[in-house]
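The opening residue of the sequence shown carries number 47 in my numbering; numbering runs sequentially from there.
Even glycine gets a Cβ: it sits at the ideal position worked out from N, Cα and C.
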Amino acid sequence: MDALPDEWCLRHFDHLSPELAQSMPETMARMREMCPVARSEEHGGYWVVSGYEESLAVAQDWATYSSAHGLNIITTKMAVRNLPVQVDPPEQRIYKRLINPFFTPAAVAPWEAPTRALVTRLIDGFIDKGSCEFMDDFARPLPSLSFFELAINAPAEDLEHVAHLASTSSTPDDPRARESWLGLYEWIKEFTRRRRGELPRGDVIDAVIHAEIDGRPITEDEVIGTVQLLILGGLETTAGALGLMIDRFCAQPEIPALLRSRPELIPSAIQELLRLEPSFVAVGRTAVKDAELGGHRIAAGDKVLIHWASANRDQGEFEAADSFDLDRERNRHLSFGAGPHRCAGSNLARLNLRIALEELLARLDGFRLQEGAEVTYHRGLTRSPDSLPITFTPRS
């Protein structure tokens, strides 16, 4: 698609725009070319950071660009803070230390076999038809089921309800968003209350509900905020990444063909696909003191949007940045963020993505969009296909 007009890019950039979601690569390329740090007049005014070096600088400088206030231009307000994302170091480190041990490579490695069984079960549900609605039949159920069954030991019968709340609450301007935030809050409150009365399972939920913060018991809102972030960070982003990967496979069949012939390349391909099409596209910060960025004066109190998806295609960091290239000497993409708030669940996400692609490529061939289908994308701080109706040929 064509980039949005220059005037829009330089003065009226709006990350909630559906037109931006449809034309993101082209529009963000124009933003980087004209002004890697631009000032938008929308939503009360904020800075848009689209260059790689500038994005990395903001993400790493938490003392100047605070996550505690974020970018207050989302229309709905959550019931509690997402922890540890909405606090700054050193407080942030306390909450992150609670959850990090449960998502290391060693911690998620035992989940490989049950994840593969789950992937197989999902594919079995649609393979004989030769078609599916990929987002509903595979991309959204996989991370949701995996997270519920393996990470937090939550009741399977609650999954559909919670996944719906998580998706709706994070959709900008959805009239159900406020109600969904409250529904998610109430579900987590009841779930953690119930877990306190059960025998410990040694999972991340036990670690959170029994934690001490600076020598005091963790509060209920702190528990809910931490579990809330785990749910929001683990469901929608991985689902979006899967959808964007299969969307690309439909457009570039040479990629799945290569990976079928050389499945050992799948882990490297995932890194490159995440760079090209991240589902977590942007995040907000607030300047807490005056600063200089890209030749612009950022005043204390200014809102700043870091655009990860744009930074991932900066030619200054990635040669032939718009191309899928498995021969890159380094791939320091920002799809999992950077700095102290880098995604704690990245190892689990890569495990889910790797096993999903291994099984999908082994069992399905000839990915194509169904005739007449037009893909539209979720807008806001995340990006994924709203729906992805595909056809394929089952492999024997």
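What separation, rounded to the nearest whole angstrom, lies between the Cα atoms of residue i and residue j?
{"i": "Ile140", "j": "Ser113", "result": "15 Å"}
{"i": "Cys55", "j": "Val94", "result": "9 Å"}
{"i": "Pro386", "j": "Thr332", "result": "15 Å"}
{"i": "Ser433", "j": "Gly261", "result": "47 Å"}
{"i": "Pro136", "j": "Pro130", "result": "11 Å"}
{"i": "Thr110", "j": "Leu228", "result": "32 Å"}
{"i": "Thr121", "j": "Leu399", "result": "Note that Thr121 scores a pLDDT of 45, beneath 50, so its modelled location is shaky; the value from the coordinates is reported in the next line. The straight-line gap from Cα to Cα measures roughly 31 Å."}
{"i": "Glu65", "j": "Asp293", "result": "18 Å"}
{"i": "Leu322", "j": "Phe295", "result": "13 Å"}
{"i": "Phe313", "j": "Trp157", "result": "Looking at the sequence provided, one finds Pro at residue 313 rather than Phe. Each residue's Cα considered, the two are about 17 Å apart."}
{"i": "Leu403", "j": "Ala185", "result": "11 Å"}
{"i": "Ala202", "j": "Leu311", "result": "33 Å"}
{"i": "Pro431", "j": "Ala315", "result": "20 Å"}
{"i": "His424", "j": "Pro299", "result": "24 Å"}
{"i": "Arg240", "j": "Asp267", "result": "16 Å"}
{"i": "Ser226", "j": "Thr214", "result": "6 Å"}
So, for residue i: in the same chain, excluding its five sequence neighbours on each side, which residues have a beta-carbon less than 8 Å away from its beta-carbon?
{"i": "Glu405", "result": "Arg162, Val165, Thr166, Ile169"}
{"i": "Ala384", "result": "Ser101, Leu102, Ala105, Gln106"}
{"i": "Ala253", "result": "Leu144, Ile145, Pro147, Phe148"}
{"i": "Val83", "result": "Trp93, Val94, Val95, Ser96, Gly97, Glu100, Leu339, Gly340, Gly341, His342"}
{"i": "Glu258", "result": "Ile264"}
{"i": "His58", "result": "Ser86, Glu87, Glu88"}
Let me check understanding here. Comparing Cα to Cα, which of the options lies closest to residue i?
{"i": "Asp52", "options": "Glu282, Leu276, Ala75", "result": "Ala75"}
{"i": "Ala337", "options": "Leu62, Leu305, Glu87, Trp108", "result": "Trp108"}
{"i": "Ala297", "options": "Ala155, Glu420, Met77", "result": "Glu420"}
{"i": "Ala355", "options": "Phe326, Ile270, Cys81, Arg240", "result": "Phe326"}
{"i": "Glu417", "options": "Pro435, Ala209, Leu205, His424", "result": "Pro435"}
{"i": "Gln317", "options": "Ala287, Arg308, Glu365", "result": "Ala287"}
{"i": "Gly391", "options": "Asp360, Gly279, Ser369", "result": "Gly279"}
{"i": "Lys349", "options": "Asp360, Arg359, Gln361, Val334", "result": "Val334"}
{"i": "Asp48", "options": "Arg222, Ala67, Arg57, Leu205", "result": "Ala67"}
{"i": "Leu415", "options": "Pro71, Asn128, Gln138, Phe180", "result": "Phe180"}
By Cβ distance below 6 Å, which residues in the same chain neighbour residue i in space, the five residues on each side in sequence not counted?
{"i": "Asn199", "result": "Arg247, Asp249"}
{"i": "Glu363", "result": "Tyr98"}
{"i": "Phe438", "result": "Leu410, Gly412, Phe413"}
{"i": "Ala357", "result": "Tyr98, Ser101, Leu380"}
{"i": "Val329", "result": "Ile352"}
{"i": "Leu427", "result": "Ala328"}
{"i": "Asp204", "result": "none"}
For the beta strand (DSSP E) holding residue i, just list the boundary residues, first then last.
{"i": "Leu351", "result": "349-353"}
{"i": "Thr439", "result": "435-440"}
{"i": "Glu365", "result": "Per DSSP, Glu365 belongs to no beta strand (DSSP E) and is neither H nor E."}
{"i": "Ala328", "result": "328-333"}
Using beta-carbon positions only, say whether residue i and residue j come within less than 8 Å of one another.
{"i": "Ser190", "j": "Leu305", "result": "no"}
{"i": "Gly243", "j": "Pro440", "result": "no"}
{"i": "Asp60", "j": "Glu88", "result": "yes"}
{"i": "Val133", "j": "Tyr231", "result": "no"}
Beta-carbon within less than 7 Å of residue i's beta-carbon, same chain only, minus the 5 sequence neighbours each way: which residues are those?
{"i": "Asn474", "result": "With the chain running from 47 to 442 in the structure shown, residue 474 is simply not present."}
{"i": "Pro187", "result": "Leu168"}
{"i": "Phe237", "result": "Ala200"}
{"i": "Ala81", "result": "With the sequence shown as reference, residue 81 is identified as Cys, and Ala is not the correct amino acid for it. Excluding residues within five positions, the ones whose Cβ falls inside 7 Å are Leu56."}
{"i": "Pro324", "result": "Trp354, Ala355, Asn358, Ser381"}
Which residue comes first and which comes last in the alpha helix (DSSP H) that contains residue i?
{"i": "Arg294", "result": "266-297"}
{"i": "Cys55", "result": "52-57"}
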